[in-house]
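Peer 1: Before I ask anything, let me first share the structure, which is written out below as structure tokens.
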Amino acid sequence: MAEMELAKPSRQQAAWQDLELGLFCHFGLNTFCNREWGAGDDSPAAFNPSALDAAQWVRAAKDAGFRYFMLTAKHHDGFCLWPTKTTDYSVKSSPWMSGEGDVVRECADACREAGMPFGIYISPWDRHDPRYPDVAAYDDVYCEQLTELLTGYGPLVEMWFDGAGSEGRTYDWPRIMNLVRRYQPDAMVFNMGAPTVRWVGNEDGFAPYPCWNAAEAARVSMFTSDMTAWLPDTPAWVPAECPVPIRGHHWFWHPNDETPLRSLDELIDLYERSVGHGATLLLNVAPDDRGLFVEEEVSRLAEFGTELKRRYGHSLGQAEGGRTTVVELPTPSPVKRLVLMEDIKHGERVRSYVAEAWIDGQWIAISGGSAIGHKKIDTLAVPVQSARYRLTVLESEGEPFIRSFAVYGE
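All residue numbers for the sequence shown refer to our numbering, where the first residue is 1 and numbers rise by one.
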């Protein structure tokens, strides 16, 4: 493959991939009606959080090391968390703040105060709006809702277009993409239209390996094997995002929920198989009907952040390089994890690599693989003790560029 043929990320995509960890926040009328998918017939009067505190949500995310925050501004039930002009099925018809509230505003303000990039989920499928069966009429509604969100809440890091419920439906994606590009040109677009981020294909929080950044299609949703019909101007570089709830397969909070919370070990494993496979991890935590994260989940987030810092906060040594990259340590030290990164602005070039340790006068292979991409984490079965570690690119498309080869202890 000629060097010029390699897909490369845009500046915005490369910056987004460096974020690595996002917190997803599913909140809405479903929270108050004990549902995952509302049918669009629940009364807005049910939406009435007694102590909503978006700053608590964002603080919990930031304290745990998350680097962007996503809110479900409108889920499939069609209930809007901002006072849209397009429908009365929104917070303005609820008793919360006497109909004067705006959850999207609360989140946008909290994120701005915390320096946290903010993104919005807006479901194309709408189970409430009576105009939905009329394709042209609903396209007008959806584009007006989208414009309100794109223009009213400051810079957005990502727009999340969920394909669930829209299998077989065609929206006016050229018009939708033009709105995003006009008002939020730096925002990532998730999985539909002309995406700059694709769905990894599961809701389990991990990426397969290898998970290449170049793609031509992705699954529409969990409910079909059909692939998305992306617009012709979709970039060739479309990195993967891995969404997963912190509790079972529940995206929204439920009263008396006995679904087990994911263990710390499970979260670390998901991190190492999502971020550690070159994708991003989007972990969902749902506020309860008070409008607060529950303490048990805040504590687990904090434990997760602490463990990530313990494992990956400080390397024993690191280096950058090309076809061969060597890390020299002051003294022999036991190494348990290797973190490899390509300089992806040149594209994803590595096709095969081996990592070795200098032991008893010779190089001994300790790990290897195919893709490196944005990041590859190799965990060794048994710690290896040496003062020299070497990464060698065995096969590549063009000259490889290693952004970082880092070694970590136990």
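Where a beta carbon is used, it is the ideal one built from N, C-alpha and C, also for glycine.
State the CB to CB distance for the pair H277 and Y209, rounded to an integer number of angstroms; the pair is presumed to be in contact (CB under 8 Å).
Peer 2: Correct: roughly 5 Å between the Cβ atoms.
Peer 1: What are the residues that DSSP puts in a beta bridge with L283?
Peer 2: Per DSSP, L23 and V244.
Peer 1: Quick one, which of L23, K345, T224 and G398 has its alpha-carbon nearest R351's?
Peer 2: Here the closest residue by C-alpha is G398.
Peer 1: By the DSSP assignment, the alpha helix (DSSP H) with V103 in it spans what residues?
Peer 2: Here the alpha helix (DSSP H) through V103 covers V103 to A114.
Peer 1: Do G78 and G40 count as a contact pair if the criterion is CB distance below 7 Å?
Peer 2: Yes, the Cβ-Cβ distance between G40 and G78 is below 7 Å.
Peer 1: Would you mind reading off the limits of the beta strand (DSSP E) that contains E303?
Peer 2: Here E303 belongs to no beta strand (DSSP E); instead the alpha helix (DSSP H) covers E295 to Y312.
Peer 1: Consult DSSP for A214 and reduce its assignment to one of helix, strand or coil.
Peer 2: Note: A214 maps to strand in three-state DSSP.
Peer 1: Ignore the nearest five residues each way along the sequence and tell me which others in T234's own chain have a CB closer than 6 Å to its CB.
Peer 2: Around T234: A194.
Peer 1: Compute the Euclidean distance between the alpha carbons of L264 and A61, then round it to the nearest angstrom.
Peer 2: Using only the alpha carbons, I get a separation of about 16 Å.
Peer 1: Tell me the residue span of the alpha helix (DSSP H) that contains P332.
Peer 2: First-last for P332: T324 to E342, but that is the beta strand (DSSP E), not the alpha helix (DSSP H).
Peer 1: Look at the Cβ atom of D63, then the Cβ atom of W82, and state whether they are nearer than 7 Å.
Peer 2: No, the Cβ-Cβ distance between D63 and W82 is not below 7 Å.
Peer 1: Can you list, in chain order, the residues of its chain with a C-beta nearer than 7 Å to that of S315? Leave out the 5 residues immediately preceding and following it.
Peer 2: Answer for S315: A406, V407 and Y408, listed in chain order.
Peer 1: For T392, which three-state DSSP category applies?
Peer 2: Strand.
Peer 1: Just tell me which of N256, P330 and E348 has its CA closest to the CA of L6.
Peer 2: Residue E348 is the option with its Cα nearest to L6.
Peer 1: Where does the unbroken beta strand (DSSP E) through Y353 begin, and where does it stop?
Peer 2: Taken as a continuous stretch (DSSP letters only), the beta strand (DSSP E) holding Y353 covers V350 to I359.
Peer 1: Taking the C-alpha atoms as reference points, what is the distance between H76 and N30?
Peer 2: Rounded to whole angstroms, H76 to N30 spans 10 Å at the Cα level.
Peer 1: Locate the beta strand (DSSP E) running through R127, then write down its first and last residues.
Peer 2: Element bounds for R127: n/a, residue is neither H nor E.
Peer 1: Determine, using beta carbons only, whether K336 and E410 come nearer to each other than 7 Å.
Peer 2: Contact flag set, yes.
Peer 1: Applying the criterion that 16 or more other CB atoms from any shown protein chain within 10 Å of the CB defines a buried residue, is D134 buried or exposed?
Peer 2: By the 10 Å Cβ count, D134 comes out exposed.
Peer 1: With DSSP collapsed to three states, give me the class of F32.
Peer 2: Residue state, collapsed to three classes: helix.
Peer 1: How many Å lie between C211 and E100 at the Cα?
Peer 2: Rounded to the nearest angstrom, the two C-alpha atoms are 45 Å apart.
Peer 1: What is the DSSP secondary structure of K376, reduced to helix, strand or coil?
Peer 2: Residue state, collapsed to three classes: strand.
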